[in-house]
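Worksheet for the structure shown next.
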Amino acid sequence: MVPTTCKGGAETKAFFQIEDKGGAQVDEERLQEFDVQKWADGSKYEGHFVNGLKHGKGKYMWGNGEYYEGLFYKDYRHGSGQYCWPTGHKFTGKFYLNRREGYAVQVFPDGATFQGLYHTDQRFGPGVLTYPDGQQDVGLWLGKQLFGPGVLTYPDGQQDVGLWLGKQLFRFCTSVGSVFSLSDFPEHAAYMDPAIINAGYHTKVCLDQYSKIISSVFFQLGFCQKISFLRK
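93 is the number that full-length UniProt numbering gives to position 93 of the sequence shown; each next residue is one higher, with no gaps.
Listed below in structure tokens is the structure:
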């Protein structure tokens, strides 16, 4: 059901479209009030209520200094909002029933920032982590780990393009350590030549033939256009 509001002083009339028992669409009017509530643990809420539930715009503050300011839906953080910690850590983006969901910008106490997508309260999909010194880790995220095609930009502006393997970027056309083996990373086999993997070839790998595949992945996602310099 989707609310529409008409403001009027401290009270807002909210109209919700719902289905009655016969399946017909009817409008139900509920009184939306602005109020301030405090609890014994030091938490506090300032915002709108519908039927006694936090609903609409509001700000909830915890006793430890954390606070959320944004949209609520039936007591849940739901919609656009900002969650802040007393340390200076901030999360600005979308929420779905208290979970972080969709595009967001996260600022950390040390000055680092993350811009990207979230799903079920964790990083999921394309994103960019920027460090205070200017280094950027660009790629696909699952939680705090990068995987698959990506770009590493150094503080001096130089870039490496390749595949993220754990916390390291496996660069195209680069020498790697003698203890490294592609067979240790079966999850990335789709990007590798099976003959190379089976042979245990690990001194030098050149993946030019895969550049079109990697490039298409990024362009389909619509971000990090700067990797267009990949050789065709």
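Backbone N, C-alpha and C fix where the C-beta goes; we use that ideal spot for every residue, glycine too.
- By the neighbour-count definition (other C-beta atoms within 10 Å, threshold 16), PRO126 is a buried residue.
- No residue range can be given for THR87, since it is assigned to no beta strand (DSSP E) and is classified by DSSP as neither H nor E.
- DSSP, reduced to helix, strand and coil, places LYS74 outside both helices and strands of the structure shown, so it counts as coil.
- LEU140 sits close to GLY148, with the two beta carbons spaced by under 7 angstroms.
- Comparing C-alpha distances from PHE34 to each of GLY52, GLY42, ASP41 and SER43 shows the shortest one belongs to GLY52.
- Note on TYR154: under 16 other CB atoms within 10 angstroms of its CB, so exposed under the neighbour-count rule.
- It is roughly 12 angstroms from the alpha-carbon of GLY47 to the alpha-carbon of LYS38.
- Rounded to the nearest whole angstrom, the CA to CA distance from SER80 to THR92 is 8 angstroms.
- In the DSSP annotation of this structure, the continuous segment of the beta strand (DSSP E) that includes THR130 starts and ends at 122-130.
- In the three-state DSSP reduction, GLY65 falls in the coil class, being neither helix nor strand.
- Of the residues assessed, LEU163 falls on the buried side of the cut-off, its CB having 16 or more other CB atoms within 10 angstroms.
- In terms of Cα proximity to ARG100, the closest of ASP133, PHE124, PHE49 and ASP110 is PHE124.
- TRP85 and LEU117 have their C-alpha atoms spaced approximately 20 angstroms apart.
- Distance between SER43 and TRP62, taken at the CA atoms: about 4 angstroms.
- Under DSSP, the beta-bridge partners assigned to PRO149 are LEU163.
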